[in-house]
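Asks: Below you will find the structure I want to go over with you.
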Amino acid sequence: MIAVNEILLAEPRGFCAGVDRAIEIVERALAKFGAPIYVRHEIVHNTYVVNDLKAKGAIFIEDLADVPPGATLVFSAHG
C-alpha cells in the first residue's frame with residue numbers, strides 16, 4: 002500500500018465549462034423572460050445551484066406535460 006503524505010486540491014475549484022454555460026443559459030432566460038422558466042431535468046447535480054435557480058424562478062420538470070402553453074422552456078443537455 003502506498004502512503005499518501007499530501008493531497009493537493011486545485012484552486013479555485015469549479016464547474017466544467019458545460020455546466021457553467023447551462024447555469025448561465027437559465028439565468029439569462031430568467032433575466033430576459035422573467036419567472037417562471039421551466040427547465041427539463043436538473044441541469045447540474047448540485048443541490049445548492051438547483052435550489053438557487055429555483056429561488057430565482059426556475060421550475061424543474063420531468064414531464065413536458067407539466068409546462069403550460071406559451072411558457073419558456075429550457076432543455077438540459079443530458080437526460
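Quick note: the sequence shown uses my numbering, first residue 2, plus one each step.
All C-beta atoms in this analysis are idealised placements derived from N, C-alpha and C, irrespective of residue type, glycine included.
Compare the beta carbon distance of residue 42 and residue 16 with 9 Å and say whether it is the shorter of the two.
Replies: The residue labelled residue 42 in the question sits at position 41 within the sequence shown. The residue labelled residue 16 in the question sits at position 15 within the sequence shown. Not a contact, by the Cβ cut-off of 9 Å.
Asks: Out of 12, 21, 27, 65, point me to the one whose CA is closest to residue 57's CA.
Replies: Along the sequence shown, one-based indexing puts residue 57 at 56. Closest by alpha carbon: 27.
Asks: How big is the Cα-Cα spacing for residue 47 and residue 63?
Replies: Taking the first residue of the sequence shown as 1, we reach residue 47 at position 46. Taking the first residue of the sequence shown as 1, we reach residue 63 at position 62. If you take the alpha carbons of residue 47 and residue 63, they lie about 17 Å apart.
Asks: Buried or exposed: residue 3, going by 16 or more other Cβ atoms within 10 Å of its Cβ?
Replies: Reading the sequence shown from its first residue, position 2 is the one you call residue 3. Exposed.
Asks: Alpha carbons only, please: which of 70, 67, 55, 65 is nearest the one belonging to residue 36?
Replies: Start at 1 with the first residue of the sequence shown, and residue 36 comes out as number 35. Taking only the C-alpha atoms, the option nearest residue 36 is 55.
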